[in-house]
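> Numbering (this note's numbering), first residue to last: 3 to 189. Take a look at this one; I'll ask things after.
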Amino acid sequence: SRARGPTPRLRSRAAPRQRLGRALLAVQMAISLPMLTGAGLLLRTLHNLTRVELGFGPESLVTFRVEVPIQPDGTVAIPVYDRILAAVREVPGVRAASMIENPLISGVQSSRMVIADGIKLAIATNASGPDVFEALGARLVEGRDFEPRDATGPESVVLNETAARRLFKGPALGRELTIAASGDRPQ
3 SRARGPTPRL RSRAAPRQRL GRALLAVQMA ISLPMLTGAG LLLRTLHNLT RVELGFGPES
63 LVTFRVEVPI QPDGTVAIPV YDRILAAVRE VPGVRAASMI ENPLISGVQS SRMVIADGIK
123 LAIATNASGP DVFEALGARL VEGRDFEPRD ATGPESVVLN ETAARRLFKG PALGRELTIA
183 ASGDRPQ
């Protein structure tokens, strides 16, 4: 008895279709595997980002932006900011309030050149008001928070540990540094 199956003519038409189907399946697998791997890595990264220590307490932080017109002489009306801060501090439940030039982790930053002990260093800066670290829930390793008296006295700075190590050989607390004029470009 003769085995039943496709005739030779039908077999020759089906073979190219099967090869094409297998090739398309292989291409789909080749594309899908890297995409699945990438998706898994993205999910792991997003999960890890939720565990990053930011250095401040975002869970009870409220931020907002205030646009104050610049005065004809080019200055900003500081009393306006002072009145806004005073009003915010009176809101029930507010433990601390301050102001900051650039929002944290926004990607926006200013930079200035500083010089200490003959070492020049371009550092990211962020002008801020009194009690900024208390308002952020950030812990200072050494030194103190900004105070209202800092606005009228010599310029006060708080350095992060990396900048302090790079600028000073030894303790940075109480040391002096020179802040280059704003027109000087960091190198």
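Where is the CB? At the ideal position from N, CA and C, for every residue including glycine.
Counting along the chain, where does the alpha helix (DSSP H) carrying Arg168 start and finish?
To locate residue 168, count along the sequence shown from 1; it is residue 166. Element bounds for Arg168: 163 to 169.
> Going by alpha carbons, who is nearest to Met101 out of Asp84, Gln20, Ser108?
Sequence index remark: in the sequence shown, residue 101 carries index 99 (1-based). Measuring from the Cα of Met101, the nearest candidate turns out to be Asp84.
> Please classify Ile102: does DSSP put it in a helix, a strand, or coil?
Position 100 of the sequence shown, counted from the start, is the residue given in the question as residue 102. If DSSP states are grouped into helix, strand and coil, Ile102 belongs with the strands.
> If you draw a straight line from the alpha carbon of Phe66 to that of Pro94, how long is it in whole angstroms?
For this step, residue 66 is matched to residue 64 along the sequence shown. For this step, residue 94 is matched to residue 92 along the sequence shown. Their backbone Cα atoms lie some 17 Å apart in a straight line.
> My output table needs one value for Val116: the three-state DSSP class, helix, strand or coil.
Locating residue 116 in the sequence shown gives position 114, counting from the first residue. It is a strand residue.
> Report the three-state DSSP secondary structure of Ala182 (helix, strand or coil).
By 1-based counting over the sequence shown, the position of residue 182 is 180. Coil, per DSSP.
> Round the Cβ separation of Ala98 and Asp133 to the nearest angstrom and send it over; I've been treating them as touching at under 8 Å.
Position 96 of the sequence shown, counted from the start, is the residue given in the question as residue 98. Position 131 of the sequence shown, counted from the start, is the residue given in the question as residue 133. With 8 Å as the limit, Ala98 and Asp133 qualify as a contact, their Cβ atoms being about 5 Å apart.
> Is any non-hydrogen atom of the ligand FAD found closer than 6 Å to the C-beta of Asn50, if you look at the structure I gave you?
Among the components of this structure there are no ligands whatsoever, and the ligand FAD is therefore not found.
> Does the stretch 155 to 165 come within contact of the stretch 106 to 114, defined as at least 3 CB pairs closer than 8 Å?
Contact fails: fewer than three Cβ-Cβ distances are below 8 Å.
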